[in-house]
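Going left to right, the sequence shown walks through residues 1 to 104 as UniProt numbering numbers them.
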Amino acid sequence: MKITLSPTRMDATLTAAVDGDVLILNGEVLDFSAVTGAAPLERHGHFWIMGPVRREEGELHLTLLLPHGACPPPETLFPQPLRLVSGPVPLPPFDSPGIGQDPG
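Here is the structure:
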């Protein structure tokens, strides 16, 4: 699965995992096994997914909103696309290290 991330300032948090054609977002299981190259999923109705879910040369392609705080690091603002077959999605940090932590 190829996941493109679209950084967005918001307080909500996201956890994601992949298992083949299944994407798990904050515990919600989304099965995209029915998506074919000839039939992209234009209307999925899911908050975290932007645009269509499509299959290119057998690989699912989708764009996820990437929530971040007020002071995100560069890797969050300019994330690289991710390719996964299985496991947790390694999302960039929500905020820069030390932001929001008690200095004492």
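Idealized CB from N, CA, C, for every residue including glycine.
- In terms of Cα proximity to Pro52, the closest of Phe32, Gly58 and His68 is Phe32.
- DSSP places Leu91 outside both helix and strand once states are collapsed to three, so it counts as coil.
- When beta bridges are read from the DSSP output, Arg9 appears opposite His68.
- If you check the CB distance, Phe94 and Gly69 come in under 8 Å.
- Pairing Gly87 with Met10, the inter-Cα distance amounts to about 25 Å.
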